[in-house]
Amino acid sequence: MKIAALALLVAMVSGFITSHVMGGQGVWAWVRAFCEAATVGALADWFAVVALFRRPMGLPIPHTAIIPSNKDRIGDNLAVFVRDHFLDPDTLMEKLRVFDPAARLSRWLIRPKQAHALSEGARRVALQTLDLLDDQAVRGVIQEFVVKNLRRWDAAGTVGEVLGLLTRDGRHQELLDAAMERLGGYLGEDDVKQRASALLVKFAKKEWPRIIAAVDVIKSVDGIADNLADRLALALVQEVRDVLSEPDHPVRRDYEAWVLDYIQRLQTDPALSAQVEDLKQRAIDHPKVQEYVQGLWDDIHAALRRDLSDEGSALSRHLESALLALGRKLGEDPGLRDAINNHVIGSARRLTGRLRIGVTEHISRTVKNWDERHLVDELELSVGRDLQYIRFNGTLVGGLIGVLLHAVVLLVNR
């Protein structure tokens with residue numbers, strides 16, 4: 011295009027010279043007028059086009075090489091233009107509001123194919139992530155996290171709160187009833203009676219050997235012990251029945267007082283709290299507990315790998331079901347859609363505010379860092395053809411103006 015514009019200028023100069031050589035009369039006068047004005051127009055537009063990008067013929071003419079000389083200002087103005095016209099928060103939020111992200115998400119999720127593809131993608135990513143994890147590091151992090159939180163845990167306070175919850179509405183009395191019923195049934199069993207009888211005989215022979223020897227001559231000690239065991243079991247069973255049948259039985263009152271006192275002490279007694287804390291610390295430091303905590307990640311890792319390696323992964327199915335349910339819920343619940351849209355728009359507004367600053371600085375800094383020659387070349391490649399057409403038009407328009415002026419001169423001379 012430059013060569014074509016230059017060739018047209020050369021043609022105009024050649025026509026101008028030729029018309030002078032031919033005397034400049036008649037037709038040649040018109041040719042001279044056209045070529046003379048066209049040459050001036052072509053040179054003027056050549057100067058204007060070249061002055062945008064560089065100094066014409068290298069001469070330090072003022073207000074030339076406009077683009078390289080104003081590169082920093084161009085970068086700042088371009089950045090501000092992009093910021094104000096492309097990253098204006100109100101304009102972007104209005105477009106986002108019309109876009110209705112929640113409704114579009116609902117229409118996308120309710121299609122089983124899309125939900126399945128998303129859950130499958132998540133399954134594959136999760137499986138690959140498992141391979142990238144450093145098992146030793148994760149194991150150490152889990153152990154540190156669990157042990158650290160266990161050491162900070164107020165065990166006595168928690169036990170007191172749990173027991174307080176369990177004793178609410180007389181639940182601890184139900185526990186006592188169940189224990190008493192089990193005890194009554196246990197005492198009534200024949201093998202328990204036999205063990206009690208044997209224990210009584212053993213104790214009596216150890217403590218009163220002579221008396222037992224004398225009694226054994228008259229009557230069997232084993233028989234006496236069996237009878238005593240039966241009586242003891244019967245008495246204990248009757249006592250258990252009394253406790254179960256009497257809401258205000260002394261055993262119940264003592265049990266109630268002991269439980270409430272123990273709960274109170276757990277929350278207020280420093281000595282008891284220290285005992286519970288010591289038990290907790292010893293349990294945490296026990297090698298078996300440490301080994302169990304360290305093995306947590308191995309168990310979790312193995313379970314996750316088994317499930318995620320299967321195309322029918324339970325986690326994947328649950329995720330797919332959840333996505334479908336979310337899609338249906340979004341389609342049926344306008345309030346939920348409005349809440350999601352408001353959240354998205356609010357987040358986008360905050361993000362846009364940060365992006366405006368970052369993008370503006372990035373554009374300005376990038377343009378300022380460009381090499382001047384590189385900037386000129388890029389712009390010339392982008393708009394150079396149109397600029398050369400300016401030279402063509404300047405040549406032709408100049409020539410037509412020359413012909414017009416020649417005609418005016420002829421009319422005036424007549």
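Take 11 as the starting number for the sequence shown in the numbering used here and just add one per residue. Think of the CB as a built atom: it goes at the ideal place given N, C-alpha and C, for glycine as much as any other residue.
| Check | Outcome |
| --- | --- |
| Among residues of its own chain, excluding the 5 on either side of LEU397, which ones have a beta-carbon nearer than 7 Å to its beta-carbon? | VAL59 |
| Does the segment 389-403 come close enough to the segment 33-41 to have 3 or more Cβ pairs within less than 8 Å? | no |
| Ignoring anything shorter than 4 residues, give me the alpha helix (DSSP H) runs that lie fully in the segment 37-95, in order along the chain. | 37-63 and 76-79 |
| Mind checking whether the beta-carbon of VAL286 lies closer than 7 Å to any heavy atom of the ligand SAH? | Of the ligands one can find in the structure shown there are none, so the ligand SAH has no counterpart to examine. |
| Exposed or buried, which one is LEU143 when buried takes at least 16 other CB atoms within 10 Å? | exposed |
| Grouping DSSP H, G and I as helix and E and B as strand, with all else coil, what is GLN153? | helix |
| Tell me the residue span of the alpha helix (DSSP H) that contains GLU321. | Segment: none, GLU321 is in no alpha helix (DSSP H) and carries neither H nor E. |
| On the criterion of 16 or more Cβ atoms from any shown chain inside 10 Å, does MET11 qualify as buried, or is it exposed? | exposed |
| Note down, one range per segment and in chain order, each alpha helix (DSSP H) of at least 4 residues found wholly within the segment 302-375. | 324-342 |
| Just mark LEU421 as buried or exposed, buried being the case when its beta carbon has 16 or more other beta carbons within 10 Å. | exposed |
| Taking DSSP as the reference, what is the three-state secondary structure of ASP396? | helix |
| So what does DSSP say about ILE228, is it helix, strand or coil? | Caution applies to ILE228, whose pLDDT of 40 falls short of 50 and renders its modelled position unreliable; the value that the coordinates give is listed next. Helix, per DSSP. |
| Let me check understanding here. Comparing Cα to Cα, which of ALA417, GLY394, VAL418 and ILE294 lies closest to ILE13? | GLY394 |
| If you reduce the DSSP assignment to three classes, tell me which class LEU421 lands in. | helix |
| Quick one: is LEU128 near chain C, going by C-beta distance under 8 Å? | Any reference to chain C falls outside this structure, which holds one protein chain only. |
| Can you list, in chain order, the residues of its chain whose CB lies under 8 Å from that of LYS81, leaving out five sequence neighbours each side? | VAL377, LYS378, TRP380, GLU382 and LEU385 |
| Tell me the rounded alpha-carbon separation between VAL231 and GLN274. | With a pLDDT of 46 at VAL231, under the threshold of 50, the predicted position of this residue should be treated as unreliable, and no value is reported. |
| Quick check on this structure: which residue in THR362, LEU306 and LYS158 has the alpha carbon closest to the alpha carbon of HIS95? | THR362 |
| Could you check how far apart the C-beta atoms of ALA75 and PHE63 are, in whole angstroms? I think they sit under 8 Å. | 7 Å |
| Taking LEU306 as the reference, give the member of GLU371, ALA112 and ILE152 with the closest Cα. | ILE152 |
| Which of the three DSSP states is assigned to ASP4 in this structure? | For the chain, the structure presents residues 11 to 424; residue 4 sits outside this window and is missing. |
| Exposed or buried, THR101, counting other C-beta atoms within 10 Å across all chains shown (16 or more means buried)? | exposed |
| Identify whether ASP279 lies in helix, strand or coil by the three-state DSSP scheme. | coil |
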